[in-house]
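As they're listed, the protein sequences go chains W and G. Everything in the first sequence is counted per the working numbering, starting at 1439 for the first residue and increasing by one. Everything in the second sequence is counted per the working numbering, starting at 1439 for the first residue and increasing by one. Idealized CB from N, CA, C, for every residue including glycine. All of these numbers come straight from a predicted model, not from anything done at the bench. Here is the structure we will look at.
2 protein chains.
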Amino acid sequence: MAFEKQVILKNNCFLQVILYQVNMKQEFRCDCPVTSALDVLGDKWMLVIIKQMLIEEKQTFKDFIESDEAISTNILSSKLKCLEHYGLIQRKNHPTNKKTKLYHLTEKGLSLTPTIVELAIWSDQNLREHNPIMRESDELELMKTSKAEFIERLKKGHRENWLE
Amino acid sequence: MAFEKQVILKNNCFLQVILYQVNMKQEFRCDCPVTSALDVLGDKWMLVIIKQMLIEEKQTFKDFIESDEAISTNILSSKLKCLEHYGLIQRKNHPTNKKTKLYHLTEKGLSLTPTIVELAIWSDQNLREHNPIMRESDELELMKTSKAEFIERLKKGHRENWLE
DNA sequence: AATTATTACTTTTGATTCGCAAGCAAATAT
DNA sequence: ATATTTGCTTGCGAATCAAAAGTAATAATT
């Protein structure tokens, strides 16, 4: 039992609300930092969504749904909640449209930029034989020749896109 | 139908072997390098196993099974095959014990060292509130202060451990 | 003002991946 | 000769991913 509350109603009645904490999934496999990172990020979609925000500037639910990767709506909803739980993204309301929510990377989320960039470079250099249609781009060249500058530029760009 | 062969037996008999290629899983979601990297590495175990080889110097099936992460034997077997398929590891026979196989990172696998190190640093700086038992170590300090040197040293150490 | 379309989900059902436990063949140890 | 070890495979069940349909609130259209 993780939470209990009694709400007093009328006529000597009360409502008892009990939240049981069952089958709590063990969140981390061990005390290793790399394994812990992968306990949070090591699935099909978490880093892809971060990449979509950082590099492709996606910020609404519809943006993500319409991306090339074609994520399912239930998976996206679940993963956005998870990213928020770990403090990697932040959501806010659209200034003029109540239906639309805006998602953005926090500083914590932005601090994954070096990891995203390393994966891009690694993939470019090691996966073309397996995925021959992998695109080429000037960005990849920039990543390889000026990695640190590129990382800072990505972060700065993302921060500036986020109207506070 | 992906493969057919007929084997002639005796007494006018023959055996026909046909391999059908069905439900071939789409291997890559799109042409993006980051997403392609995650199509290969984006699961619970691939990068953990690479980390275990690189940092913890695990090299036998038993070594992996006995690691803190407690992977299941069927998962390990399957992941080792997958890592080999993508050219990230290489297996060879133990010089004196035919039962034991040795697994080692190839250069391609070793080129994931920057990614592993970035994940370690990120985790150390961002996940302690979620995983309070995360260990501290001198290695983490070295990673942060001399990242490039640390990366090269890890690679070099791994290469030297691999008796050719 | 009523109707239709959009957005961000939730729910249901099914497919895939992960995990547990038991079993197996080959090789090594006792 | 027997027991143990190694690296798996198999069967079954749990967790994650995915597709499709449905929902409530909001915006756009008529």
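| field | 7 angstroms CB neighbourhood of Leu1492 of chain G in its chain, flanking five on each side removed | value | Start at 1 with the first residue of the second sequence, and residue 1492 of chain G comes out as number 54. Closer than 7 angstroms at the Cβ level, and outside the excluded window around Leu1492 of chain G, lie Leu1543, Thr1551, Ile1554, Leu1592, His1596.
| query | What are the start and end residues of the beta strand (DSSP E) that includes Asn1531 of chain G? | reply | To locate residue 1531 of chain G, count along the second sequence from 1; it is residue 93. For Asn1531 of chain G, the enclosing beta strand (DSSP E) begins and ends at 1527-1531.
| request: Note the first and the last residue of the continuous beta strand (DSSP E) segment covering Leu1565 of chain W. | output: Numbered from its first residue, the first sequence carries residue 1565 of chain W at position 127. Element bounds for Leu1565 of chain W: n/a, residue is neither H nor E.
| said: Using a Cβ-Cβ distance cut-off of 8 angstroms, determine whether Val1460 of chain G contacts chain W. | reply: Taking the first residue of the second sequence as position 1, residue 1460 of chain G is located at position 22. In this predicted model, Val1460 of chain G has a pLDDT of only 40, less than 50, meaning its place in the structure is not dependable enough to derive any value.
| Among G:Lys1496, G:Leu1565, G:Leu1578, which residue has its Cα nearest to the Cα of Met1526 of chain W? | Position 88 of the first sequence, counting from 1, holds the residue named residue 1526 of chain W. Note that residue 1526 of chain W is Leu in the sequence shown, not Met. That would be G:Leu1565, whose Cα lies nearest to the Cα of Leu1526 of chain W.
| Buried/exposed call for Asp1506 of chain G, threshold 16 Cβ in 10 Å | As a working note, residue 1506 of chain G is residue 68 in the second sequence. Its Cβ having fewer than 16 others within 10 Å, Asp1506 of chain G is exposed.
| request: Name, in chain order, the residues that DSSP records as bridge partners for His1542 of chain W. | output: Mapped onto the first sequence, residue 1542 of chain W falls at position 104. Bridge partners of His1542 of chain W: W:Gln1528.
| If you draw a straight line from the C-alpha of Phe1502 of chain G to the C-alpha of Lys1496 of chain G, how long is it? | Start at 1 with the first residue of the second sequence, and residue 1502 of chain G comes out as number 64. Start at 1 with the first residue of the second sequence, and residue 1496 of chain G comes out as number 58. Going from the Cα of Phe1502 of chain G to the Cα of Lys1496 of chain G covers about 6 angstroms.
| message | Residues in the same chain with beta-carbon distance under 7 angstroms from Met1581 of chain G, minus the five sequence neighbours each way, listed in chain order, please. | response | Taking the first residue of the second sequence as position 1, residue 1581 of chain G is located at position 143. Cβ neighbours of Met1581 of chain G beyond the five flanking positions: Val1555, Ala1558, Ile1559, Phe1588.
| message | Output needed in chain order: residues of the segment 1469-1482 of chain W with a Cβ under 7 angstroms from some Cβ in chain G. | response | Asp1469, Cys1470, Pro1471, Val1472, Thr1473, Ser1474, Ala1475, Leu1476, Val1478, Gly1480, Asp1481, Lys1482
| field | Segment limits, alpha helix (DSSP H) that includes Met1484 of chain G | value | In the second sequence, counting from the first residue as 1, residue 1484 of chain G sits at position 46. In the DSSP annotation of this structure, the continuous segment of the alpha helix (DSSP H) that includes Met1484 of chain G starts and ends at 1484-1492.
| field | Under 8 angstroms between C-beta atoms of Leu1540 of chain W and Met1484 of chain W | value | The residue given as residue 1540 of chain W occupies position 102 in the first sequence. The residue given as residue 1484 of chain W occupies position 46 in the first sequence. Taking 8 angstroms as the Cβ cut-off, Leu1540 of chain W and Met1484 of chain W do not qualify as a contacting pair.
| request: Report the rounded CA-to-CA distance for Glu1574 of chain G versus Gln1563 of chain G, giving the unit in angstroms. | output: Within the second sequence, numbered from 1, the residue matching residue 1574 of chain G stands at position 136. Within the second sequence, numbered from 1, the residue matching residue 1563 of chain G stands at position 125. The alpha-carbon atoms of Glu1574 of chain G and Gln1563 of chain G are separated by roughly 11 angstroms.
| field | Whole-angstrom distance between Met1572 of chain W and Leu1548 of chain G, CA atom to CA atom | value | Within the second sequence, numbered from 1, the residue matching residue 1548 of chain G stands at position 110. Within the first sequence, numbered from 1, the residue matching residue 1572 of chain W stands at position 134. Roughly 22 angstroms between the two C-alpha positions.
| In angstroms, rounded to a whole number, what distance separates the CA positions of Ile1487 of chain G and Thr1583 of chain G? | For this step, residue 1487 of chain G is matched to residue 49 along the second sequence. For this step, residue 1583 of chain G is matched to residue 145 along the second sequence. Whole-angstrom Cα-Cα distance: 25 angstroms.
| task | State yes or no: is the beta carbon of Asn1599 of chain W nearer than 8 angstroms to at least one beta carbon in chain G? | result | Reading the first sequence from its first residue, position 161 is the one you call residue 1599 of chain W. Cβ-Cβ to chain G under 8 angstroms: no for Asn1599 of chain W.
| query | Taking the alpha carbon of Cys1468 of chain G as the point to measure from, which residue in W:Gln1490, W:Leu1476, W:Arg1467 has its own alpha carbon closest? | reply | Start at 1 with the first residue of the second sequence, and residue 1468 of chain G comes out as number 30. Nearest to Cys1468 of chain G by alpha-carbon distance, out of W:Gln1490, W:Leu1476, W:Arg1467, is W:Gln1490.
| query | When the cut-off is 8 angstroms and only beta carbons count, does Leu1518 of chain G lie next to chain W? | reply | By one-based count along the second sequence, residue 1518 of chain G stands at place 80. It does not: the Cβ of Leu1518 of chain G has no partner Cβ on chain W nearer than 8 angstroms.
| query | Taking the alpha carbon of Lys1530 of chain W as the point to measure from, which residue in W:His1523, W:Tyr1524, W:Thr1538 has its own alpha carbon closest? | reply | Indexing the first sequence from 1 puts residue 1530 of chain W at position 92. Looking at the Cα atoms, W:Thr1538 is the closest of the given residues.
| request: Would you give the residue range spanned by the alpha helix (DSSP H) that Met1581 of chain W belongs to? | output: Here residue 1581 of chain W refers to the residue found at position 143 when the first sequence is read from its first residue. Boundaries of the alpha helix (DSSP H) harbouring Met1581 of chain W: 1576-1583, taken from the DSSP string.
| From W:Glu1465, W:Thr1473, W:Gln1528, W:Phe1499, pick the residue whose C-alpha is nearest to that of Ser1515 of chain W; which is it? | Here residue 1515 of chain W is taken as the residue at index 77 of the first sequence, counted from 1. Among W:Glu1465, W:Thr1473, W:Gln1528, W:Phe1499, the Cα nearest to that of Ser1515 of chain W is on W:Phe1499.
| message | Closest to Lys1519 of chain W by C-alpha separation, out of W:His1532, W:Leu1578, W:Asn1535, W:Val1478, would be which residue? | response | As a first step, residue 1519 of chain W must be located in the first sequence, where it is residue number 81. Per the Cα distances, W:Val1478.
| Does the beta-carbon of Ser1561 of chain G have 16 or more other beta-carbons within 10 angstroms, so that it is buried, or is it exposed? | The residue given as residue 1561 of chain G occupies position 123 in the second sequence. Answer is buried; the Cβ neighbour count reaches 16.
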